[in-house]
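In this note's numbering, the protein residues as written are 1327 to 1699. No residue lacks a Cβ here, since even glycine has one placed at the ideal position from N, Cα and C. Okay, structure first, notes after.
This is how it looks when you write it as structure tokens:
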């Protein structure tokens, strides 16, 4: 119990002092303290079965009720948050340079590599699959997949996903420099965007939802809510709803999601060697997601003529951490060459990564149906 108070205090310190994802780490940190007080309080009298499902004797505490209602029963909180995220995203840079969509897929490599590694380390397949999704640096997707699969490490997975997302400016430069040369990092990419019509921007979320529903049916809730938020944004007729989704809705859900996920951070469930291994595997997944995108760009460059080559750093922006990753790539490019502006290319890859991460989550859930049946 005392150790979890320290963990909670550490998360609060990182949120306030270091500005690491404060909107989520602060509620999670305070929630970790709240659910580890000695009396029932916010939890009520609960019992957890082998599958991770909770039963309550008498009336549930408020955090237990929020968890059962908003996450365990319907996954409502992560899904509703995607409406707000979708309303924030401008897919224009991607639509004007569609080849960036390739990096949204390539940068999910670390997810599947980590699933294999976790299985080899002895984790049950449902836990291995949930751990792998940390690599997407997409908190809501990680929470939804781990809850749907009934992973015993949901709390550690949530903490890892949001912590590594906050550490993008620290982790990504190290991973990218590991597999690139200075000459590659100095490649310039002229930005000549094609005009994107309003009709295209409106059709894009609809078409993506249809395609995702056919190739990865289990991703349709994730993709659908994300694209619904984007359709509100691009319709041009619902500005007040778009602003509500981007602001009040996203902020409100973020607050409740952060403090609710702390339900899984009770000391008897959180403090074990498995949690430390999960955190390490999550870091491995995140690093190799970044490396996957970078290496894919290097492979493409073998076949591209001089003057058309891609700066491999752009491939690293294909993870879901939007817009942090694209900013990191721009900063790295300017450090190597103060006239090299890669931001719009990186933004295109970054929003593709947002789509790629939720589709990857859906693929994981589809595979789980086959292998866990």
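Nearest residue (CA-CA) to residue i, options the options
i	options	result
residue 1684	1466, 1356, 1591	1466
residue 1464	1676, 1521, 1564, 1697	1676
residue 1690	1613, 1340, 1544	1544
residue 1575	1636, 1498, 1448, 1413	1413
residue 1389	1522, 1368, 1667	1368
residue 1573	1391, 1411, 1393	1411
residue 1501	1647, 1612, 1623, 1356	1612
residue 1634	1425, 1694, 1353	1425
residue 1520	1581, 1695, 1391, 1421	1421
residue 1394	1474, 1661, 1564	1474
residue 1652	1668, 1448, 1664, 1662	1668
residue 1604	1449, 1554, 1654, 1529	1449
residue 1671	1451, 1417, 1563	1417
Environment of residue i [buried if 16+ CB atoms lie within 10 Å]
i	result
residue 1540	exposed
residue 1419	buried
residue 1460	buried
residue 1398	buried
residue 1516	exposed
residue 1345	exposed
residue 1527	buried
residue 1537	exposed
residue 1594	exposed
residue 1455	buried
residue 1637	buried
residue 1423	buried
residue 1362	buried
residue 1754	Because residue 1754 is not part of the residues shown, which for the chain are 1327 to 1699, the question remains open.
residue 1332	exposed
residue 1587	buried
residue 1486	buried
residue 1656	buried
residue 1632	exposed
residue 1697	exposed
residue 1629	exposed
residue 1472	buried
residue 1565	exposed
residue 1327	exposed
residue 1534	buried
Simplified DSSP assignment, three categories, for residue i
i	result
residue 1319	In the structure as shown, the chain begins at 1327 and stops at 1699. Residue 1319 is therefore absent and cannot be evaluated.
residue 1494	helix
residue 1472	helix
residue 1714	Limits of the chain in this structure are 1327 at one end and 1699 at the other, which puts residue 1714 out of reach.
residue 1354	helix
residue 1416	coil
residue 1453	helix
residue 1654	helix
residue 1664	coil
residue 1510	helix
residue 1627	helix
residue 1401	coil
residue 1683	helix
residue 1523	coil
residue 1517	coil
residue 1632	coil
Sub-7 Å separation of residue i and residue j beta-carbons
i	j	result
residue 1591	residue 1494	no
residue 1551	residue 1409	yes
residue 1531	residue 1504	no
residue 1469	residue 1492	no
residue 1387	residue 1359	no
residue 1682	residue 1430	yes
residue 1687	residue 1548	yes
residue 1498	residue 1642	yes
residue 1514	residue 1627	no
residue 1678	residue 1427	yes
residue 1479	residue 1453	yes
residue 1607	residue 1457	yes
residue 1348	residue 1581	no
residue 1596	residue 1674	no
residue 1338	residue 1355	yes
residue 1440	residue 1610	yes
residue 1622	residue 1402	no
Test: residue i CB closer than 7 Å to a CB of chain B
i	result
residue 1451	Included in the structure is just one protein chain, with no chain B present.
### Query
Which full runs of the alpha helix (DSSP H) of 4+ residues lie inside the region 1531–1615, going along the chain?
1546–1561, 1565–1570, 1576–1587, 1593–1596
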